[in-house]
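Let me begin by presenting the structure, written as structure tokens, before commenting on it.
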Amino acid sequence: AQSVSQHNHHVILSEAASLELGCNYSYGGTVNLFWYVQYPGQHLQLLLKYFSGDPLVKGIKGFEAEFIKSKFSFNLRKPSVQWSDTAEYFCAAASGYSSASKIIFGSGTRLSIRP
Amino acid sequence: DTGVSQDPRHKITKRGQNVTFRCDPISEHNRLYWYRQTLGQGPEFLTYFQNEAQLEKSRLLSDRFSAERPKGSFSTLEIQRTEQGDSAMYLCASSSYRGPEQFFGPGTRLTVL
């Protein structure tokens, strides 16, 4: 069955600390991968995406993610977090065979940044 | 604002009542999706339209749920005989032929008393 797992439910960091949020997926065949972010009181926004090519993808606000096919992972990273990064982060996957496909979301990781 | 819009933003209803939500996608997007999100979980897929055709429905979408997109533009999601377990955030998203990334609206928060 298709699934996405996020192992950290709540992460607390101090400003300027480095961030890595884990994500593993279970998906047969070609897969498109996403990270979405939901800031407090706002709707889901696309942070970054991977379809093909360079496995290291860069997104908005200094975030990046690395697709490691052998590990079925797509971890999110940021070298130095800011208080404004406080949000809920969702890893997600969709079939890569179609440009129109349902997205399977992980359960989310709540990130709290101490000022 | 040219993003996905949803109406209403909040709905409180009594068990057994019918409710209808509306979603207006980004104007040039021909694909529209409905998801449901409960507290502490990621969004779960409900159904998907390409233009006016409903192409996929989740098993989560019981007989009490129906969705339409009659002219290939806005969509409605109706829940009949609401139950307390229907309380959730209902999210709408849209995408275009240019790529698979979906853009989400603010959601409609449903509370069933």
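Respectively, the protein sequence lines represent chains A and B.
If you read the first sequence in the numbering used here, its first letter stands for residue 2, the second for the next number, and so on.
If you read the second sequence in the numbering used here, its first letter stands for residue 965, the second for the next number, and so on.
The beta carbon of each residue, even a glycine, is placed where N, CA and C say it ideally should be.
Close beta carbons around residue i, own chain, < 6 angstroms, minus the five adjacent residues each side
{"i": "B:Thr1002", "result": "Ala1052"}
{"i": "B:Asn982", "result": "Gln1044"}
{"i": "A:Arg115", "result": "Ser15"}
{"i": "A:Ser74", "result": "Asn25"}
{"i": "A:His8", "result": "Gly23"}
Residue i - DSSP class collapsed to helix/strand/coil
{"i": "B:Ser991", "result": "coil"}
{"i": "A:Ile1", "result": "Here chain A covers residues 2 to 116 and nothing more, so residue 1 of chain A does not appear."}
{"i": "B:Asp971", "result": "strand"}
{"i": "A:Ile13", "result": "strand"}
{"i": "A:Ser124", "result": "For residue 124 of chain A there is no data in the structure shown, the boundaries of chain A being 2 and 116."}
{"i": "B:Lys978", "result": "coil"}
{"i": "A:Ile61", "result": "helix"}
{"i": "A:Ser27", "result": "strand"}
{"i": "A:Ser4", "result": "strand"}
Residues of its chain near residue i, where Cβ-Cβ distance is below 7 angstroms and the 5 sequence neighbours each way are ignored
{"i": "A:Tyr98", "result": "Gly30 and Thr31"}
{"i": "B:Thr1011", "result": "Trp998, Gln1018, Glu1020, Lys1021, Ser1022, Leu1025 and Ala1031"}
Close beta carbons around residue i, own chain, < 8 angstroms, minus the five adjacent residues each side
{"i": "B:Glu1065", "result": "Ser1059"}
{"i": "B:Asn994", "result": "Gln1014, Asn1015, Gly1036, Ser1060 and Tyr1061"}
{"i": "B:Phe1038", "result": "Arg986, Cys987, Asp988 and Pro989"}
Residues bridged to residue i [DSSP beta-bridge criterion]
{"i": "A:Phe35", "result": "A:Lys50 and A:Ala93"}
{"i": "B:Leu1074", "result": "B:Lys975 and B:Ala1052"}
Q.
Which residues of the segment 8-33 of chain A have a Cβ closer than 7 angstroms to any Cβ of chain B? Give them in chain order.
A. Asn33
*asked:* Quick check on the DSSP output: what are the complete beta strand (DSSP E) runs of length 3 or more inside the segment 988-1064 of chain B, in order along the chain?
replied: 995-1001, 1008-1014, 1017-1021, 1029-1032, 1039-1043 and 1052-1059
**Request:** Give, in chain order, every residue of the segment 1019-1050 of chain B whose Cβ lies closer than 9 angstroms to some Cβ of chain A.
**Result:** Taking 9 angstroms as the Cβ-Cβ cut-off against chain A, the residues of the segment 1019-1050 of chain B that qualify are Leu1019, Glu1020 and Ser1022.
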